[in-house]
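Chains as they are written, first to last, in the working numbering: chain A, 1 to 114; chain B, 1001 to 1114. Just so you know, even glycine gets a beta-carbon here, dropped at the ideal spot from N, CA and C. No experiment lies behind these values; they were computed from the predicted model shown. Heads up, the thing below is written out as structure tokens.
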């Protein structure tokens, strides 16, 4: 049983560019959350998708957007990249239903903005 | 500001020493509490969780944590650490009245020497 998978593993972009990160949830999971982990910090919640809609959002600007597909996979898009967007982006999935118990994390995508 | 605080940034222990990592949160109301671990080169994985009931919870690999509601604390303990416990440890809180996002502390790096 594959766990949460993310692609790409690493990505280098320049300021002002746009980036798309992808996540496939663990089998049987329908809820996907995205987190940003800056160097030396804990993960920070960006947003969560359930039933193809954004269910909850953290304190991130509109440059951060997402999408969930019918197969429950998800994308995170970041526009107008800033140097401060350099971080590890984590995807987490969880079991069906509105009550989230445990989130399973993927390996992350390391984004470097030059 | 509401937050999750991990008191120790870096802990260095010898094998067989006892471990206690502190975690305090500043949210009122009902919370779910988690400890996640990130071994070098691996993704975040759940060590243990508290939802309700017995405030002393046992997790994988001999770890346990005690929820003390009056102190807003959820400290992680292990009676005898091993070299393989070298990792980064994150405390996380989910506020039951605030959606499903996890709020993480900044993490504690544990280094165990053999």
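Check                                                                                                                                                                                    : Outcome
For the stretch 1014-1026 of chain B and the stretch 1036-1054 of chain B, state whether three or more C-beta atom pairs, one from each stretch, are separated by less than 8 angstroms. : no
When you compare the CB positions of residue 1093 of chain B and residue 1031 of chain B, do they come within less than 8 angstroms of one another, or not?                              : yes
Would the stretch 1001-1012 of chain B and the stretch 11-23 of chain A be scored as touching if the rule is three or more Cβ pairs under 8 angstroms?                                   : no
What does the alpha-carbon distance come out to for the pair residue 94 of chain A and residue 105 of chain A?                                                                           : 9 angstroms
Looking at the structure shown, is residue 111 of chain A part of a helix, part of a strand, or coil, going by DSSP?                                                                     : strand
Chain B partners of residue 105 of chain A, CB-CB under 8 angstroms?                                                                                                                     : 1036, 1043, 1044 and 1045
Tell whether a beta-carbon distance below 8 angstroms holds between residue 1067 of chain B and residue 1033 of chain B.                                                                 : yes
Hey, out of A:113, A:114, A:73 and A:78, whose CA is closest to residue 27 of chain A's CA?                                                                                              : A:73
Mind pulling the chain A residues with CB within less than 9 angstroms of residue 1058 of chain B?                                                                                       : Those do not exist, as residue 1058 of chain B stays about 16 angstroms from chain A at its closest Cβ, beyond 9 angstroms.
In chain order, what residues of the same chain lie with their CB nearer than 6 angstroms to the CB of residue 1073 of chain B, ignoring the 5 residues before and after it?             : 1024
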